[in-house]
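>
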């Protein structure tokens, strides 16, 4: 997604949340947030992510993979923490868009239109944060952060219709809503792109 000289931001500090790389040091906070959010996790993952019987040890294995991807600049996962840094509010993922589109069977016209330094952005917020306005804050702050501090040519947010708070927040921001026809992806994803 990026060349080796591109500077990647270490995090985002906002008065409502702090985005910091997800590591094994923050895994327990991430796990607590995840397990407190079964409906959110099911909606965000379309039922693909485990909940019943999912243990902290299971989470640590996934977090270690996210941490390795982040450190090796393959993909970037941030845990969203409360300002106190004692509680996780959700997670943010900044993944290579072109790689995703290739896996999903995008045609050459779409792939040629997407620069290498492009990101697919997804996120989820803890269940008790739904309807609190946090989604609006996160979407606006993250969009500005990606536009101003990341070495990206473009980014697209991706959500599923059942992620109601996230969809509503993205609808309220000045973004272009679109659907991509991807033969390898059967989920009804909705995509949002900045207008700049």
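Numbering (the numbering used here), first residue to last: 343 to 538.
Note that CB positions come from ideal geometry on N, CA and C, so glycine has one too.
Please list the terminal residues of the continuous alpha helix (DSSP H) segment that includes residue 487.
Element bounds for residue 487: 476-491.
> Give me the DSSP bridge partner(s) of residue 299.
The chain is shown from 343 up to 538; residue 299 falls before or after that span and cannot be answered.
> Counting C-beta neighbours from all protein chains within 10 Å, is the total for residue 453 16 or more, i.e. buried, or is it exposed?
Exposed: under 16 other Cβ atoms inside 10 Å.
> Residue 392: which of 376, 407 and 477 sits nearest, CA to CA?
When each option's Cα is compared against that of residue 392, the closest is 376.
> Do residue 372 and residue 436 have their C-beta atoms closer together than 8 angstroms?
For residue 372 and residue 436, no; Cβs fall outside 8 angstroms.
> Would residue 581 pass as a contact of residue 354 if the rule is Cβ separation under 8 angstroms?
Here the chain has residues from 343 to 538 only, and residue 581 is not among them.
> So, at 6 angstroms on beta carbons, what are the nonlocal neighbours of residue 418 in its own chain, with the 5 sequence-adjacent residues on each side left out?
Cβ within range, chain order: 412 and 436.
> In or out: residue 319 buried (at least 16 other Cβ within 10 Å) or exposed?
Residue coverage of the chain in this structure runs from 343 to 538, which leaves residue 319 outside it and unanswerable.
> Mapping the DSSP letters down to three states, classify residue 423 as helix, strand or coil.
Three-state DSSP puts residue 423 in a strand.
> I'd like the span of the alpha helix (DSSP H) that includes residue 371, first residue to last.
Taken as a continuous stretch (DSSP letters only), the alpha helix (DSSP H) holding residue 371 covers 369-377.
> So, do the stretch 501-519 and the stretch 382-398 have three or more beta carbon pairs nearer to each other than 8 angstroms?
At 8 angstroms Cβ cutoff, the stretches touch.
> Which residues in the same chain as residue 481 place their Cβ atom closer than 7 angstroms to its Cβ, once the five residues preceding and following it in sequence are excluded?
For residue 481, where only same-chain residues beyond five positions count, the Cβ hits under 7 angstroms are 511, 512 and 515.
> With DSSP collapsed to three states, give me the class of residue 518.
Of the three classes helix, strand and coil, the one that applies to residue 518 here is strand, per DSSP.
> In this structure, does DSSP put residue 471 in helix, strand or coil?
In the structure shown, residue 471 sits in a helix (DSSP, three-state: H, G or I).
> Decide if the stretch 486-497 is in contact with the stretch 451-470; the criterion is three or more beta carbon pairs, one per stretch, under 8 angstroms apart.
Short answer: they touch.
> Whole angstroms is fine: what's the gap from residue 518's alpha carbon to residue 351's?
Going by the C-alpha atoms only, they are around 25 angstroms apart.
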